[in-house]
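Chains A and B, in that order, are what the protein sequence lines are. With our numbering, letter number 7 in the first sequence gets 7, and the count goes up by one each step, no holes. With our numbering, letter number 28 in the second sequence gets 172, and the count goes up by one each step, no holes. All C-beta atoms, glycine included, are put in the ideal place defined by N, C-alpha and C. Predicted, not measured: the structure shown is a model, and the values here were computed from it.
Protein chains: 2
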Amino acid sequence: MTKKPDEATVAAWIGLSRAQRVAMARVEARLKAEGLPPLAWYDALWELEKAGEQGLRPYELERAMLFEQYNLSRLAERLCRAGLIERDACPHDRRGRVLKISEAGRAMRRRMWDTYSEAIEEAVGAKFSLAEARSLAALLRKLE
Amino acid sequence: MTKKPDEATVAAWIGLSRAQRVAMARVEARLKAEGLPPLAWYDALWELEKAGEQGLRPYELERAMLFEQYNLSRLAERLCRAGLIERDACPHDRRGRVLKISEAGRAMRRRMWDTYSEAIEEAVGAKFSLAEARSLAALLRKLE
DNA sequence: GATGGGTAGATGCAATTGCATTGACCTAGA
DNA sequence: TCTAGGTCAATGCAATTGCATCTACCCATC
């Protein structure tokens, strides 16, 4: 039989799923209450904003966001329909696309951040001291 | 303006979503590879097994699992169709139901645990010392 | 310059989830 | 007892996700 997890590992696993679901639900609820789009939109817009002028290929964004290929394809379509990104043909690879954030996209990202950041503070910041938050972030980084 | 999160808080938040998604994806993939049902089934079966003889009302299971009411209603229906639980009328409240795990349900839960526990060990246990796992679990508990 | 194997992205279809609402019942208070 | 307001669970419908597959294209090799 392969190695089994000890108590602490199981507790960490359970804590991870529950904590994430609780925190995520609070943050998403906050965005929805303001009539804003879901978090995935923010993530995509932020990655594209960071990428700057030359944008990102869908497969790059897909990896940055840990999204499935088909989900990213559809998310991009929705963002495009909403006018928040542009989806051009790729000059170097005719199979491909290049995704770029639009002005409206930048505005939406900023607007979402106002609410999102408050929600993060409430859901996470308020529960921890600075040292605890650092410690948690460091531990979580080891999981990837 | 309401209080904004500091760097460490944002890092903890991002770490939380990414770590959870990575770990969850690995564990779910493992179950799927063995032809087993998704994790939510395990959670439900485990809660019902812990509840023992008298079972649980759907709304109790819903709270234990942090599920939406309509999702739990449908999950219960699927589990029932698969023969893993029983869904009886509730004697004390004629609106309600009582969910109980079946023998097949207990067998399935055990079978899933063989794979699930290995996956937890790989996805979480292998990344941490005992002290780290304890520390992570303790920090995550503060989030709820 | 053909071709086989691989990568990028899209999409049809089925399953699941989210949302709003319903129907049935419970319970506290007039 | 009757009723108003609430809770429990289910469900119609729309949106999203998962899965499998498709088309178009790239590229290394012959």
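| Check | Outcome |
| --- | --- |
| Secondary structure of residue 148 of chain B, DSSP reduced to three states | coil |
| Top-ranked residue by Cα proximity to residue 194 of chain B, from B:165, B:210, B:244 | B:244 |
| Start-to-end residues for the beta strand (DSSP E) that takes in residue 172 of chain A | A question about residue 172 of chain A goes unanswered here, because the residues of chain A that appear run from 1 up to 144. |
| Own chain partners of residue 142 of chain B with C-beta closer than 6 Å, once the 5 adjacent residues on each side are dropped | Given that chain B is displayed from residue 145 to residue 288, the structure contains no residue 142 of chain B and the question cannot be resolved. |
| Three-state secondary structure (DSSP) of residue 97 of chain A | strand |
| Own chain partners of residue 234 of chain B with C-beta closer than 7 Å, once the 5 adjacent residues on each side are dropped | 201, 240, 241, 242 |
| Cα-Cα separation between residue 32 of chain A and residue 256 of chain B, rounded to whole angstroms | 36 Å |
| Selected residue, minimal CA-CA separation from residue 180 of chain B, among B:259, B:159, B:207, B:223 | B:259 |
| Cβ pair residue 117 of chain A, residue 148 of chain B closer than 7 Å | yes |
| Nearest-angstrom beta carbon gap, residue 144 of chain A and residue 162 of chain B [assumed within contact, 8 Å] | 6 Å |
| Any C-beta of chain A under 7 Å from that of residue 93 of chain B | Outside the shown range of chain B (145 to 288) lies residue 93 of chain B, about which nothing can therefore be said. |
| Neighbouring residues, chain A, relative to residue 123 of chain B (Cβ below 9 Å) | This structure does not reach residue 123 of chain B, given that chain B is present from 145 up to 288, and the question cannot be answered. |
| Buried or exposed by the 16-neighbour rule on C-beta atoms within 10 Å, applied to residue 63 of chain A | exposed |
| Classification of residue 159 of chain B by the beta-carbon crowding that lies within 10 angstroms, buried from 16 upward | buried |
| Segment limits, alpha helix (DSSP H) that includes residue 248 of chain B | 247-267 |
| Alpha-carbon spacing of residue 77 of chain A relative to residue 108 of chain A, whole angstroms | 16 Å |
| Whole-Å CB distance - residue 41 of chain A paired with residue 79 of chain A, under 8 Å assumed | 7 Å |
| Three-way DSSP call (helix, strand, coil) for residue 56 of chain A in this model | strand |
| Residue 121 of chain A classed as buried or exposed, judged by whether at least 16 other C-beta atoms fall within 10 angstroms | buried |
| Any chain B beta carbon closer than 7 Å to residue 141 of chain A | yes |
| Burial state of residue 127 of chain A, where buried means 16 or more other Cβ atoms lie within 10 Å | buried |
| Residue 67 of chain A versus residue 164 of chain B: straight-line alpha-carbon distance, rounded | 13 Å |
| Residue 220 of chain B in three-state terms, based on DSSP | helix |
| Environment of residue 187 of chain B [buried if 16+ CB atoms lie within 10 Å] | buried |
| Proximity winner among B:178, B:214, B:229, B:209, relative to residue 199 of chain B (alpha-carbon distances) | B:229 |
| Three-way DSSP call (helix, strand, coil) for residue 196 of chain A in this model | The question about residue 196 of chain A has no answer, for chain A in this structure spans 1 to 144. |
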